[in-house]
Amino acid sequence: MITVSHNLSQFIAQLKRQARQEQFAVALALTRTAQAVRDETPAYLDRVLDRPTPFSKRGIFVQRATAQKLEAVVGFKDAQAAYLELQEEGGTRRPKRRSIVLPARIKLNQYGNIPRAELRRLYDRAKNDKRATPALKKRLGISSKVDLFVGDPGEGLPPGIYKRLPDALVPLVVFHEGPVRYRPRMGWRRWTLRLAGDRIAGEWLKARAQAQATAR
1235 MITVSHNLSQ FIAQLKRQAR QEQFAVALAL TRTAQAVRDE TPAYLDRVLD RPTPFSKRGI
1295 FVQRATAQKL EAVVGFKDAQ AAYLELQEEG GTRRPKRRSI VLPARIKLNQ YGNIPRAELR
1355 RLYDRAKNDK RATPALKKRL GISSKVDLFV GDPGEGLPPG IYKRLPDALV PLVVFHEGPV
1415 RYRPRMGWRR WTLRLAGDRI AGEWLKARAQ AQATAR
């Protein structure tokens, strides 16, 4: 008589341990790849956008993969995605209220924007028919020796904040009442897929070695 015996329960337990190790390694590789995208996105935004703000560059989040859910997610938080989506996909931005504020002849900050607080001060002084204060003049690059006007000047000029000259109105800030159209220019999703494709294999090998080294 020929017989074969084997401890199947031990063999099955070993297979289960290996399966858990593989799942751990895949989840770790996915998470590290998503983290690499997050960490390299600020430098990418510097390359493709004009002076992105620190607020934009720190708005990336990562959801870690787990052994139960082998999926890692990287993306922009809601506040940043609300305006960066137009840079990524293009489209039309419509005023939330009456108009969209667009700079005309005014000094912008280092990120190419009008500081909201300064715009509010400028608007308030123009509304009260006052001149710009010396401090406001220095920050926004306008003369404190001219009167300010806010509203609709007529004669084909858009509503906005203007400085009064003896024979003309010079726009400082224009209130654009129609939609503003954007073309796609960020390319972040395409760049992310390419970076993830370059990183995932290496991260998988490192994660697998780590899983085997810590296996029980």
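Following this note's numbering, the residues of the sequence shown are numbered contiguously, the last one being 1450.
For each residue, glycine too, the CB sits at the ideal point set by N, CA and C.
All of these numbers come straight from a predicted model, not from anything done at the bench.
Counted as a single uninterrupted DSSP element, the beta strand (DSSP E) harbouring Arg1327 occupies residues Gly1325 to Arg1327. Setting aside the 5 residues that flank it on each side, Arg1298 is surrounded in the same chain by Thr1265 and Ala1306, each with a C-beta closer than 7 Å to its C-beta; the list follows chain order. Counting along the chain, Gln1302 sits inside no beta strand (DSSP E), nor does DSSP assign it H or E at all. Per DSSP, reduced to three states, the secondary structure at Arg1415 is strand.
In terms of CA proximity to Ala1277, Trp1422 leads the group Ala1435, Trp1422 and Asp1432. In terms of Cα proximity to Lys1311, the closest of Val1282, Ala1301 and Arg1272 is Arg1272.
Residue burial annotation: Gln1446 is exposed, with fewer than 16 other C-beta atoms found within 10 angstroms of its C-beta. By the Cβ test, the segment 1252 to 1262 is in contact with the segment 1434 to 1445, since at least three Cβ pairs between them sit closer than 8 Å. Taking a C-beta distance under 8 Å as the contact criterion, Pro1288 and Asp1280 do not qualify as a contact pair. Residue pairing by DSSP puts Gly1309 in a beta bridge opposite Phe1295.
Following the DSSP letters along the chain, one finds Gly1436 inside the alpha helix (DSSP H) bounded by residues Trp1422 to Ala1447. Nearest in C-alpha terms to Ala1316, of all of Tyr1396, Gly1293, Ala1268 and Leu1283, is Gly1293. With contacts defined as CB atoms closer than 8 Å, Val1282 and Met1420 qualify as a contacting pair. Distance between Gln1321 and Phe1409, taken at the CA atoms: about 21 Å. When rounded, the separation of the alpha-carbon atoms in Glu1323 and Val1414 is 14 Å.
Considering only Pro1393, Asp1432 and Gln1255, the residue with the shortest C-alpha distance to Thr1300 is Gln1255.
Spatial neighbours of Arg1428 in its own chain (CB-CB distance under 6 Å, excluding positions within 5 residues in sequence) are not present.
The C-beta separation of Thr1267 from Arg1433 comes to about 5 Å, placing the pair in contact by the 8 Å criterion. Just measuring C-alpha positions, the residue of Thr1275, Pro1393 and Ala1253 sitting nearest Gln1302 is Ala1253.
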